[in-house]
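Report on the structure given below.
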Ligand code: AMP
Ligand code: MG
């Protein structure tokens, strides 16, 4: 049985959170909102509970989880070598930024980190997530609340689609504000490395870390060889129908003809060019595109159309992150 509880995103009701905390203490798995996407969480210090997350998601065991913390004292419990980066962390936390540090604590099981010597940590800014962690008193390990390989869940309806009957509780606080997963930066190596672009833009990170390495796989979305970040060898974010990503818009007409039974995901500025379409947002408000993209993918797969054609966008700011997700989700990329 899954209990779906509506909860105010700004002033979360304590009684609902108490129920959620009770379940976490019992080693259960619950779904809660964050400012990026919904998370499926368990007690980060309970190995068996964390194992359940992998089972429920169908997540490969070599794809580690992000540990969500509520305070810097919790960072001290689980990570090492973070001291030189305190100013940086204080600037972006709480917020949509995940940082990889050497793992310190034996409290964090190898199940959570997929056996790595490092741990991914984030301090979320969503009031529900913050209050939940605070009341629980431990960090919560939580990846995105979608079946492995599917588009991330940005509202409770998406979570219900993937997990109804499989988790004890879903806290429904409406749409996730960013609608896109956190930026991940690895600070455990000699040089800072960007592992996943997200709402904290690369341009901003480069102001702080001019030496930031942005590996090819982050740009291309496709990966071959030895994974730098475990999990990146898998297909991600993919809807249940073929997704054709058209980066070269001059080739759009040909693609529309090649796949006549299609629905197009496009931006406001170009919507008049298509008949069957979902408008994802406006180029004037790039964050709106990020916010709605996963919802648009899930909506598109529910139509009777056979192919999902998505317009590519310029890889700047937040749209760099959007393109990273689309390239991973795509079954075909038209350049
Ligand atoms: P998700 O929460 O579903 O967005 O997935 C978490 C992401 O964090 C995955 O892409 C992992 O590869 C990444 N991640 C978690 N822990 C580590 C780690 N210790 N080193 C590198 N990447 C990590
Ligand atoms: Mg995910």
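Numbering (my numbering), first residue to last: 54 to 388. The C-beta atom is built at its ideal place from N, Cα and C for all residues, glycine as well. Nothing here was measured: the structure is a model prediction, and the numbers come from that model.
Counterpart residues of residue i in DSSP-defined beta bridges
i, result
"residue 298", "363 and 386"
"residue 150", "236"
"residue 132", "156"
"residue 171", "155"
"residue 85", "92"
"residue 121", "175 and 193"
"residue 219", "BP columns for residue 219 are empty, so no partner."
"residue 59", "225"
"residue 246", "239 and 266"
Whether residue i touches residue j by CB criterion (8 Å)
i, j, result
"residue 364", "residue 318", "yes"
"residue 131", "residue 174", "yes"
"residue 334", "residue 320", "yes"
"residue 198", "residue 123", "no"
"residue 358", "residue 316", "yes"
"residue 220", "residue 119", "no"
"residue 27", "residue 384", "Look at the range of the chain in this structure, 54 to 388, and you will see that residue 27 is not part of it."
"residue 232", "residue 346", "yes"
"residue 58", "residue 69", "yes"
"residue 181", "residue 156", "no"
"residue 372", "residue 342", "yes"
"residue 194", "residue 94", "yes"
"residue 266", "residue 255", "no"
"residue 271", "residue 148", "no"
"residue 196", "residue 112", "yes"
"residue 419", "residue 348", "The requested residue 419 is not part of the displayed model; the chain covers only 54 to 388."
"residue 223", "residue 55", "yes"
"residue 60", "residue 225", "yes"
Of the residues the options, the one placed nearest residue i, counting alpha carbons only
i, options, result
"residue 303", "294, 326, 321 and 77", "326"
"residue 396", "56, 187, 169 and 357", "Outside the shown range of the chain (54 to 388) lies residue 396, about which nothing can therefore be said."
"residue 298", "348, 226 and 387", "387"
"residue 264", "242, 80 and 249", "242"
"residue 134", "208, 76 and 239", "239"
"residue 382", "331, 352, 293 and 373", "293"
"residue 337", "323, 330 and 350", "323"
"residue 380", "192, 204 and 143", "204"
"residue 355", "214, 374 and 270", "214"
"residue 152", "179, 160, 67 and 248", "248"
"residue 160", "144, 138, 137 and 192", "192"
"residue 201", "310, 340, 107 and 67", "107"
Minimum Cβ-Cβ distance from residue i to chain C less than 8 Å
i, result
"residue 366", "Among the protein chains of the structure shown there is no chain C, as only one such chain exists."
Contact belief for residue i with residue j at Cβ below 8 Å, rounded distance in angstroms
i, j, result
"residue 167", "residue 116", "6 Å"
"residue 109", "residue 216", "7 Å"
"residue 81", "residue 97", "Not really, about 14 Å apart at Cβ, beyond 8 Å."
"residue 62", "residue 227", "6 Å"
"residue 361", "residue 350", "7 Å"
"residue 353", "residue 185", "About 32 Å separates the two Cβ atoms, so there is no contact after all."
#### Entry: Runs of alpha helix (DSSP H) wholly within the region 309 to 350 (minimum 4 residues, chain order)
Runs of the alpha helix (DSSP H) inside the region 309 to 350: none found.
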